[in-house]
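*Asks:* Would you mind keeping the following structure in view while I ask a few things?
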Ligand SMILES: C[S@@+](CC[C@H](N)C(=O)[O-])C[C@H]1O[C@@H](n2cnc3c(N)ncnc32)[C@H](O)[C@@H]1O
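What follows is the structure in structure tokens.
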């Protein structure tokens, strides 16, 4: 199909009674799955450019097809931030429909963040990610429900910790933003809660930064690799934002199993625990080396496909070790569905038994 996508986009807009942005106007891209993300793009000379550098509908681009215009929202966009005007439409797209991925992104190497995004029902993934995800699902059919149960644990645990009085959060291995994010959960209870997001995946970083729209002072995003904890923990932006002399919650949710034994995750977590003030909390989940070997079978798929990281299930004892010196709050180290389940969860029954989780408090 060689239709001109700009013309298609314009026709779609007109069919909905919406006007087309003037050249030079600013428009908003909204991802329907992450409705809080509004990425500012520029429309110039019939081209729509996102701030990732993606092109959406370049005039006369023979490679472009109608399906590059993946989604259209008719609702007027709300103002994104002071001084940023928006035109009366929002457009979203899938990554497949881009001509140039952001720098540092290799669409052919499956990325852990993008595979997880696929499991959660997101659109920020490429064909290589989805292929690997489908292979993992064959080996571990509960992988998708486990990802959702893991995200649900993160939300319940963050809520419990903010209700216990913690006002600052460091989310290590953030993942592609998905609502509600840590700051949204925390700020429902404590509106001035501060959050630092840290990840090493370029797609996560562009989304996390877009989410913030550059106007918030309560949330920051830092590029950092857990294999170099010193770089993260001594990052000037982190020390300016988070006061480690006060209680802090550190989230290591579904990320430590992405570190090989050679990366020494024990030492990493020890260095973080040492930095935390008394009254701080560690929120952690980790792929469990289940007796049936299902987690290992799933992990093998990541290794076989040479994904962005290896996946390493660990035993109950190894996971417990990450909390050394901390007191586990009720109910201790358990499966995802057993950690303070909501009534709906109790009624739904259990089927996700490949991840252990806990929340520990520094005495
Ligand atoms: C499975 S996702 C979990 C996301 C989120 N914590 C959650 O539980 O919903 C793992 C995240 O950790 C990030 N990650 C993996 N290895 C990392 C490393 N060495 N340093 C920093 N982030 C890493 C990935 O990019 C991905 O975003």
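Residue numbers (my numbering): -10 to 352.
The C-beta atom is built at its ideal place from N, Cα and C for all residues, glycine as well.
Quantities reported herein were computed from a predicted structural model and do not represent experimental measurements.
Give the straight-line distance between the Cα atoms of residue 76 and residue 135, rounded to the nearest whole angstrom.
*Replies:* Against the chain shown, residue 76 aligns to sequence position 87. Against the chain shown, residue 135 aligns to sequence position 146. Low confidence applies to residue 76: its pLDDT is 31, below 50, so where it sits in the model is not reliable, and the reading given next is rough at best. Distance between the alpha carbons of residue 76 and residue 135: 39 Å.
*Asks:* Look up residue 277 in the DSSP assignment and give the residues it is bridged to.
*Replies:* Here the question's residue 277 lines up with position 288 in the chain shown. Partner(s): 303.
*Asks:* Bridge partners for residue 183 per DSSP, in chain order?
*Replies:* One-based indexing of the chain shown puts residue 183 at position 194. Residue 183 pairs with 157.
*Asks:* Classify residue 49 as buried or exposed, calling it buried when 16 or more other Cβ atoms lie within 10 Å of its own Cβ.
*Replies:* Numbered from 1 along the chain shown, position 60 holds the residue referred to as residue 49. Because residue 49 carries a pLDDT of 30, less than 50, the predicted location of this residue cannot be relied on, and no value is offered for it.
*Asks:* Short check: CB of residue 272 to CB of residue 348, under 8 Å?
*Replies:* Along the chain shown, read from residue 1 onward, the residue named residue 272 stands at position 283. Along the chain shown, read from residue 1 onward, the residue named residue 348 stands at position 359. Yes, these two residues count as a Cβ contact at 8 Å.
*Asks:* Using CA atoms only, rank isn't needed, just tell me which of 193, 206 and 195 is closest to residue 354.
*Replies:* Residue coverage of the chain in this structure runs from -10 to 352, which leaves residue 354 outside it and unanswerable.
*Asks:* Output the distance between the C-alpha atoms of residue 293 and residue 276, rounded to the nearest integer angstrom.
*Replies:* In the chain shown, the residue the question calls residue 293 occupies position 304. In the chain shown, the residue the question calls residue 276 occupies position 287. Answer to the nearest angstrom: the Cα atoms are 18 Å apart.
*Asks:* Hey, is residue 98 close to ligand 1, as in C-beta under 7 Å from one of its heavy atoms?
*Replies:* Within the chain shown, residue 98 is the residue found at index 109, counting from 1. No, since every heavy atom of ligand 1 falls outside the 7 Å radius drawn around the Cβ of residue 98.
*Asks:* At which residue ranges does the region 84 to 139 contain complete alpha helix (DSSP H) runs of 4 or more residues, listed in the order of the chain?
*Replies:* Counting whole runs of 4 or more residues, the region 84 to 139 contains the alpha helix (DSSP H) stretches 101 to 108 and 116 to 128.
*Asks:* Can you determine whether any heavy atom of ligand 1 sits closer than 7 Å to the C-beta of residue 139, and answer yes or no?
*Replies:* By one-based count along the chain shown, residue 139 stands at place 150. Yes, since a heavy atom of ligand 1 falls inside the 7 Å radius drawn around the Cβ of residue 139.
*Asks:* Could you give the distance in angstroms between the alpha-carbon of residue 300 and the alpha-carbon of residue 226?
*Replies:* The residue you call residue 300 lines up with position 311 of the chain shown. The residue you call residue 226 lines up with position 237 of the chain shown. Roughly 29 Å between the two C-alpha positions.
*Asks:* In chain order, what residues of the same chain lie with their CB nearer than 8 Å to the CB of residue 234, ignoring the 5 residues before and after it?
*Replies:* The residue given as residue 234 occupies position 245 in the chain shown. The answer, listed in chain order, is 266.
*Asks:* Given the structure, does residue 131 come close to ligand 1, in the sense that its CB is under 7 Å from one of the ligand's heavy atoms?
*Replies:* For the purposes of this step, residue 131 is taken as the residue at position 142 of the chain shown. Incorrect: residue 131 has no Cβ contact closer than 7 Å to ligand 1.
*Asks:* Below 8 Å, can you find three or more Cβ-Cβ pairs linking the region 146 to 157 to the region 227 to 247?
*Replies:* The region 146 to 157, when compared against the region 227 to 247, does touch it at the 8 Å Cβ threshold.
*Asks:* Closest to residue 330 by CA distance: which of 145, 100, 102 and 112 is it?
*Replies:* Taking the first residue of the chain shown as position 1, residue 330 is located at position 341. Closest option to residue 330, Cα to Cα, is 145.
*Asks:* For the candidate residues 230, 169, 116 and 352, whose alpha-carbon lies nearest to that of residue 142?
*Replies:* Along the chain shown, one-based indexing puts residue 142 at 153. Comparing Cα-Cα distances from residue 142 to each of 230, 169, 116 and 352, the minimum goes to 169.
*Asks:* Quick check: the Cα distance between residue 305 and residue 328, rounded to an integer number of angstroms?
*Replies:* The sequence position of residue 305 within the chain shown is 316, counting from 1. The sequence position of residue 328 within the chain shown is 339, counting from 1. Using only the alpha carbons, I get a separation of about 15 Å.
*Asks:* Assign residue 347 to one of three DSSP states: helix, strand, or coil.
*Replies:* Along the chain shown, one-based indexing puts residue 347 at 358. Residue state, collapsed to three classes: strand.
*Asks:* With a threshold of 7 Å (Cβ to nearest heavy atom), would residue 214 be considered close to ligand 2?
*Replies:* The model depicted lacks ligand 2 and carries ligand 1 instead.
*Asks:* My output table needs one value for residue 238: the three-state DSSP class, helix, strand or coil.
*Replies:* One-based indexing of the chain shown puts residue 238 at position 249. Three-state DSSP puts residue 238 in a strand.
*Asks:* Quick test of the definition: if touching needs 3 or more C-beta pairs under 8 Å, does the region 305 to 324 touch the region 247 to 265?
*Replies:* Segments in contact, yes.
*Asks:* DSSP on residue 173, reduced to helix/strand/coil?
*Replies:* As a first step, residue 173 is located in the chain shown; it is residue number 184 there, counting from the start. Helix at residue 173.
*Asks:* Below 8 Å on the Cβ atoms is my guess for residue 287 versus residue 129; work out the distance and round it to an integer in Å.
*Replies:* Start at 1 with the first residue of the chain shown, and residue 287 comes out as number 298. Start at 1 with the first residue of the chain shown, and residue 129 comes out as number 140. The pair is a contact, with the Cβ atoms about 3 Å apart (cut-off 8 Å).
*Asks:* DSSP state of residue 167, grouped into three classes?
*Replies:* Counting from one through the chain shown, the residue named residue 167 turns up at place 178. Correct three-state label for residue 167: coil.
*Asks:* Using the Cα positions of residue 68 and residue 242, report the straight-line distance between them to the nearest angstrom.
*Replies:* Locating residue 68 in the chain shown gives position 79, where the first residue counts as 1. Locating residue 242 in the chain shown gives position 253, where the first residue counts as 1. Low confidence applies here, because residue 68 scores a pLDDT of 32, under 50, leaving its location unreliable and the question unanswered by this model.
*Asks:* Ligand 1 and residue 243: does the residue's C-beta get closer than 7 Å to at least one heavy atom of that ligand?
*Replies:* As a position in the chain shown, residue 243 is number 254, starting the count at 1. Answer for residue 243: yes, Cβ within range of ligand 1.
*Asks:* Considering only their Cβ atoms, is the gap separating residue 325 from residue 344 smaller than 8 Å?
*Replies:* Here residue 344 corresponds to residue number 355 of the chain shown, with the count starting at 1. Here residue 325 corresponds to residue number 336 of the chain shown, with the count starting at 1. Yes, Cβ-Cβ distance for residue 344 and residue 325 is below 8 Å.
*Asks:* At a threshold of 7 Å, does residue 153 count as lining ligand 1 (C-beta to nearest heavy atom)?
*Replies:* Residue 153 sits at position 164 when you count from the first residue of the chain shown. Not so, every heavy atom of ligand 1 lies at least 7 Å from the Cβ.
*Asks:* Within 10 angstroms of the Cβ of residue 254, are there 16 or more other Cβ atoms? Answer buried if so, exposed if not.
*Replies:* In the chain shown, counting from the first residue as 1, residue 254 sits at position 265. It is buried - the Cβ of residue 254 has at least 16 other Cβ atoms within 10 Å.
*Asks:* Quick check on residue 271: does DSSP put it in helix, strand or coil?
*Replies:* Sequence index remark: in the chain shown, residue 271 carries index 282 (1-based). If DSSP states are grouped into helix, strand and coil, residue 271 belongs with the strands.
*Asks:* With DSSP run on the structure shown, which of helix, strand or coil describes residue 363?
*Replies:* Only positions -10 to 352 of the chain appear in the structure, and residue 363 is not among them; the question remains open.
*Asks:* Per DSSP, what kind of secondary structure is residue 244 in: helix, strand or coil?
*Replies:* Taking the chain shown and counting its residues from 1, the one referred to as residue 244 is at position 255. Residue 244 falls in the coil class under three-state DSSP.
*Asks:* Looking only at C-alpha atoms, which of 303, 179, 178 and 213 sits nearest to residue 193?
*Replies:* Looking up residue 193 in the chain shown gives position 204. Out of 303, 179, 178 and 213, 213 has the C-alpha closest to the C-alpha of residue 193.
*Asks:* For ligand 1, is there a heavy atom less than 7 Å away from the beta-carbon of residue 163?
*Replies:* By 1-based counting over the chain shown, the position of residue 163 is 174. Yes, ligand 1 has a heavy atom inside 7 Å of this Cβ.
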